[in-house]
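In the UniProt record's numbering, the protein residues as written are 1 to 226. Where a beta carbon is used, it is the ideal one built from N, C-alpha and C, also for glycine. If you're wondering where the values come from, they're calculated on a predicted model, not measured in any experiment. Heads up: the structure comes next, in structure tokens.
As structure tokens, this is what we get:
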């Protein structure tokens, strides 16, 4: 019999006004991300049972892909390796260092110089989008910010989810906004089951560079109706 333990994750995480908690499971090699209401009477690092008021969740293995069992149950990083596009591509050192697909390569390295971050030109309302290939009820979108430079550029970026594939248009509803612009921050935006095939990041209302060092999407695939 194992006992789960509660931790508070990095303050860069966002749960749209809810508490963001990290539940460490079994041998502490598995993490369960929770967006929840209050946990009255629970102190940090104290043993507890998973509370009934949990609203949304996403799961990842420590340094590994989500397990086959979890994928069968509908959880996983569904953005990894999927086709991605962006409003423009920063050309320095060749586009391999800035291409849209670098943000969904499964690598959270926050140093753009290592070739695992997307990067646009400086332009009005730059955007980036991934096609998940199917519709999902999305529980959370995880965004890794750039680490070695210019991290505040990402602050205020909107995460949009929906069925509209016109990447440059704001036709899909907003899941949430990235509020942390600190270097190398990992923002987790809870979407509450918002459904969509396309996940788009856009910086609204200003001219800016848009750099993503990884974007992950967690949720369950939506079954097609009759």
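For residue 212, the three-state DSSP class (helix, strand or coil): As a working note, residue 212 is residue 212 in the chain shown. Residue 212 falls in the strand class under three-state DSSP.
Taking the alpha carbon of residue 137 as the point to measure from, which residue in 205, 154, 212, 78 has its own alpha carbon closest? Along the chain shown, one-based indexing puts residue 137 at 137. When only C-alpha atoms are compared, the closest one is 78.
Once the 5 residues before and after residue 123 are set aside, which same chain residues still bring their CB inside 7 Å of it? Position 123 of the chain shown, counted from the first residue, corresponds to residue 123. Excluding residues within five positions, the ones whose Cβ falls inside 7 Å are 87, 88, 207.
Quick one, which of 214, 99, 159, 133 has its alpha-carbon nearest residue 186's? Translated into positions along the chain shown, residue 186 becomes position 186. Minimum Cα distance to residue 186 is reached at 214.
Our contact map puts residue 174 next to residue 197 with C-beta atoms below 8 Å; I'd like the distance itself, whole angstroms only. Looking up residue 174 in the chain shown gives position 174. Looking up residue 197 in the chain shown gives position 197. Their Cβ separation, rounded to whole angstroms, is 16 Å, which puts residue 174 and residue 197 out of contact at 8 Å.
Tell me where the beta strand (DSSP E) around residue 131 begins and ends. By one-based count along the chain shown, residue 131 stands at place 131. Per DSSP, residue 131 belongs to the beta strand (DSSP E) from 127 to 144.
May I ask you to report which of helix, strand or coil DSSP gives residue 84? As a working mapping, residue 84 is identified with position 84 in the chain shown. Strand.
Taking the DSSP output, what are the residues bridged to residue 199? To locate residue 199, count along the chain shown from 1; it is residue 199. DSSP, once it has assigned bridges, lists 130, 161 as partnering residue 199.
6 Å CB neighbourhood of residue 183 in its chain, flanking five on each side removed: On the chain shown, position 183 is the one that residue 183 refers to. Within the same chain, residue 183 has close Cβ partners 147, 151.
So the beta strand (DSSP E) residue 176 belongs to, where does it begin and stop? Residue numbering aside, residue 176 sits at position 176 when the chain shown is read from its first letter. Unbroken beta strand (DSSP E) run through residue 176: 174 to 177.
Which whole-angstrom value is the C-beta distance of residue 155 and residue 118, which I expect to be below 8 Å? The sequence position of residue 155 within the chain shown is 155, counting from 1. The sequence position of residue 118 within the chain shown is 118, counting from 1. About 17 Å separates the two Cβ atoms, so there is no contact after all.
Would residue 194 and residue 203 qualify as a contact pair, given that the criterion is a beta-carbon distance under 7 Å? Mapped onto the chain shown, residue 194 falls at position 194. Mapped onto the chain shown, residue 203 falls at position 203. No, the Cβ-Cβ distance between residue 194 and residue 203 is not below 7 Å.
Kindly list the residues whose CB is nearer than 6 Å to the CB of residue 230, restricted to its own chain and excluding five residues on each side of it in sequence; keep chain order. For residue 230 there is no data in the structure shown, the boundaries of the chain being 1 and 226.
For a test of the three-state rule: what should DSSP assign to residue 186, helix, strand or coil? Position 186 of the chain shown, counted from the first residue, corresponds to residue 186. Residue 186 falls in the strand class under three-state DSSP.
Rounded to whole angstroms, what is the Cα-Cα separation between residue 90 and residue 169? For the purposes of this step, residue 90 is taken as the residue at position 90 of the chain shown. For the purposes of this step, residue 169 is taken as the residue at position 169 of the chain shown. Per the coordinates, the alpha-carbon of residue 90 lies some 21 Å from the alpha-carbon of residue 169.
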